[in-house]
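Worksheet: the structure to be examined is printed underneath.
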Ligand code: ATP
Ligand code: MG
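Numbering (our numbering), first residue to last: 1 to 284.
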């Protein structure tokens with residue numbers, strides 16, 4: 001049995017649950033809101049925690065693995081293995097200053113008061129650059145600290161930057177890039193390591209299929225070379241003869257963001273009967 005810690009509620013909860021459910025692991029109905037839920041599919045159970053507590057829970061072995069932001073792992077300083085990046089929850093932690101400030105590099109921070117919920121990541125960054133500042137640890141609403149006179153600058157999570165602008169701040173140093181990661185206790189028993197590698201295999205196949213579509217179409221054989229050049233697919237597209245002479249059926253995987261342009265080009269080459277299918281897993 002492998003115990004997986006995930007965020008109980010918040011930004012990572014929904015995507016963590018849907019990744020697990022795509023991997024065949026779902027907490028059974030009425031149980032899904034409990035602190036601890038038995039999942040069906042793989043021999044795992046789920047532990048719902050605040051995200052700050054997940055690195056420590058995994059380091060201590062209260063949970064075997066966890067899904068959490070890399071920022072929380074780095075801030076906690078806990079010794080855990082980062083098993084894989086999960087491709088969601090992307091954000092960065094940055095230094096931001098009031099927009100009127102004439103910021104001229106990190107030495108501006110010398111003797112400044114900087115408010116943050118990430119004192120360890122900030123402390124390390126400044127120390128490496130020989131900058132001494134006053135780091136004020138505050139738990140929430142970091143972005144209002146400069147306006148109320150609590151700080152000269154902040155060090156906080158940025159994703160779109162909208163919150164900074166609303167608070168009259170500008171981002172001046174991008175210090176740490178984060179996304180959700182799968183972390184694991186570094187001393188897992190062999191049986192648990194087996195379940196973990198199963199889990200990683202499933203997650204990888206799900207993540208590599210994200211943003212991809214499976215496309216089937218019929219094409220005059222004479223246009224085949226041009227169409228193959230257009231559709232690299234995984235190795236090269238699959239091509240099958242059709243009963244009708246001079247025509248082939250072609251199968252390929254296309255990235256969603258270039259789907260419509262490629263389809264337009266394929267139609268120009270004479271493609272017909274184009275089917276675009278959802279891709280759930282891509283196993284290499
Ligand atoms: P908890 O109650 O579990 O302690 P929280 O309030 O600390 O939750 P959330 O705001 O739910 O945390 O964010 C969880 C994680 O989501 C962050 O640690 C970060 O890795 C990621 N994240 C991605 N984008 C953002 C964003 N714009 N703001 C905050 N966190 C973000
Ligand atoms: Mg938290």
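We put the CB at the ideal spot given by N, CA and C, even for glycine.
Residues near residue i by beta carbon distance below 6 Å, same chain, minus five either side
i, result
"residue 152", "112 and 113"
"residue 157", "91 and 93"
"residue 273", "218"
"residue 103", "97 and 172"
"residue 277", "214"
"residue 41", "24 and 25"
Residue i Cβ short of 6 Å to ligand 2 heavy atom set
i, result
"residue 51", "yes"
Reference residue i, options the options, closest by Cα
i, options, result
"residue 283", "132, 90, 201 and 104", "201"
"residue 305", "109, 6, 150 and 209", "Examination of residue 305 is not possible in this model, given that the chain is present from 1 through 284 alone."
"residue 38", "24, 51 and 142", "24"
"residue 86", "78, 80 and 68", "68"
"residue 203", "10, 8, 9 and 15", "15"
"residue 72", "177, 253, 226 and 229", "177"
"residue 77", "83, 56 and 216", "56"
"residue 280", "245, 17, 259 and 22", "22"
"residue 346", "224, 161 and 9", "Because the chain is modelled from 1 through 284, residue 346 falls outside the range shown and cannot be assessed."
"residue 220", "269, 193, 261 and 257", "269"
"residue 267", "216, 36 and 45", "216"
Any non-hydrogen atom of ligand 1 within 6 Å of residue i CB
i, result
"residue 71", "yes"
"residue 188", "no"
"residue 91", "yes"
"residue 7", "yes"
"residue 137", "no"
"residue 95", "no"
"residue 165", "no"
Same chain, Cβ closer than 8 Å to residue i, five either side skipped, listed in chain order
i, result
"residue 12", "6, 51, 67, 68, 69, 88, 89 and 180"
"residue 242", "218, 248 and 249"
"residue 145", "115, 136, 138, 151 and 154"
"residue 237", "227, 228, 231, 250, 251 and 252"
"residue 196", "2, 64, 65, 83, 184 and 188"
"residue 246", "220, 221 and 222"
Own chain, CB closer than 7 Å to residue i, minus 5 neighbours either side, in chain order
i, result
"residue 127", "none"
"residue 168", "98, 99 and 147"
"residue 75", "118, 120 and 121"
"residue 142", "115, 116, 117, 154 and 156"
"residue 263", "274"
"residue 240", "248 and 249"
"residue 106", "129, 131 and 173"
"residue 19", "86, 203 and 206"
Contact between the stretch 174 to 192 and the stretch 61 to 78 (3+ Cβ pairs under 8 Å): Pairwise C-beta distances place the stretch 174 to 192 in contact with the stretch 61 to 78, as three or more of them are shorter than 8 Å.
For the stretch 137 to 216, which segments carrying the alpha helix (DSSP H) assignment without a break, of at least 4 residues, lie completely within its bounds, in sequence order? The alpha helix (DSSP H) runs lying completely inside the stretch 137 to 216 and spanning 4 residues or more are 162 to 166 and 190 to 209, given in chain order.
Continuous alpha helix (DSSP H) assignments of at least 4 residues falling wholly in the stretch 209 to 268: List check, alpha helix (DSSP H) in window: 224 to 230 and 259 to 268.
Length-filtered (3 minimum) beta strand (DSSP E) runs lying within the stretch 36 to 100: Runs found: 36 to 40, 44 to 49, 65 to 69, 81 to 85 and 91 to 98.
At a cut of 8 Å, does the stretch 132 to 139 reach the stretch 207 to 225 through at least three beta carbon pairs? Too few Cβ pairs lie closer than 8 Å, so no.
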